[in-house]
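In the numbering used here, the protein residues as written are 225 to 425. Think of the CB as a built atom: it goes at the ideal place given N, C-alpha and C, for glycine as much as any other residue. Predicted model only: the values in this text are computed from it and were never measured.
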Amino acid sequence: MTPIQPMHPAQPGEPEIRPEDDAPERGTDVIYLAAGCFWGVEEIMWERPDVLTTAVGYMGGSAENPTYEQVCTGTTGHAETVRVEYDPAVTDVADILQEFWESHDPTTVDRQGNDIGTQYRSAVFVTNDTQLNEAMATREIYQDALNEAGLGAIVTEILPANEAGPFYFAEEYHQQYLMKNPNGYRCHAKTGVPFPDINEK
Numbered sequence: 225m226t227p228i229q230p231m232h233p234a235q236p237g238e239p240e241i242r243p244e245d246d247a248p249e250r251g252t253d254v255i256y257l258a259a260g261c262f263w264g265v266e267e268i269m270w271e272r273p274d275v276l277t278t279a280v281g282y283m284g285g286s287a288e289n290p291t292y293e294q295v296c297t298g299t300t301g302h303a304e305t306v307r308v309e310y311d312p313a314v315t316d317v318a319d320i321l322q323e324f325w326e327s328h329d330p331t332t333v334d335r336q337g338n339d340i341g342t343q344y345r346s347a348v349f350v351t352n353d354t355q356l357n358e359a360m361a362t363r364e365i366y367q368d369a370l371n372e373a374g375l376g377a378i379v380t381e382i383l384p385a386n387e388a389g390p391f392y393f394a395e396e397y398h399q400q401y402l403m404k405n406p407n408g409y410r411c412h413a414k415t416g417v418p419f420p421d422i423n424e425k
């Protein structure tokens, strides 16, 4: 599937926050998801037919205008993050969150597989109360499933985006990386536990 393009990609080598650009179009919502290396996470999200646009960047840190190299040192506090835009009139954000939980291992602290560091931590940065409520509710449901499987506690950070700080667009070569490099790296760290079918409960 051809990936959807980011609405406002950063200039090559010059990631920056653009407050006027980062606001979603009328009628759409944005949620920010961190689940390890953002290349693979973005691919998972752009493959969803109910997602409108995606972009990768850095969020949740303290340094201004961080570069990829700086984020990789683990000293800026940023997580590799995917900006996901969708139409809430068409898409239940719970569906997006269910795939988020399944697609990585939310029980590992600052790590996904062999990718280790605070930049690879699991996080959900929400932009409205509906997202916050669904993030908390789906986390509880998935935690019950993990408990039944004998796995550990979810350590995912759930935080309002305005508390997490700005989303900085990553450099252009990171945007839709796996479309440009189809044999590129994908982190396959998962719990192997499917998200329960809520309709069966």
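From the listed residues Pro330, Gln322, Pro390, Ala279, the smallest Cα separation to lysine 414 is found for Pro330. Between threonine 362 and tryptophan 325, the C-beta gap is smaller than 9 angstroms, which places the two residues in contact. Between methionine 269 and proline 390, the gap from beta carbon to beta carbon reaches 9 angstroms or more.
A direct Cα-to-Cα measurement between valine 295 and valine 280 gives close to 13 angstroms. When the beta-carbon positions are compared, glycine 260 and glutamate 304 come within less than 9 angstroms of each other. With contacts defined by Cβ atoms closer than 9 angstroms, isoleucine 320 and aspartate 353 do not form a contacting pair. For isoleucine 320, the uninterrupted alpha helix (DSSP H) segment begins and ends at 317-326. With a contact defined as Cβ atoms closer than 8 angstroms, glutamate 395 and tyrosine 292 qualify at about 6 angstroms. Restricted to the region 333-377, the beta strand (DSSP E) segments that are unbroken, complete and at least 3 residues in length are 346-350, listed in chain order. By the 16-neighbour rule on beta-carbons within 10 angstroms, aspartate 253 is buried. Bounds of the beta strand (DSSP E) holding alanine 258 are 253-259. Secondary structure at tyrosine 401: helix, using DSSP grouped into helix, strand and coil. For the pair valine 333 and glutamate 381, the Cα-to-Cα distance works out to about 10 angstroms.
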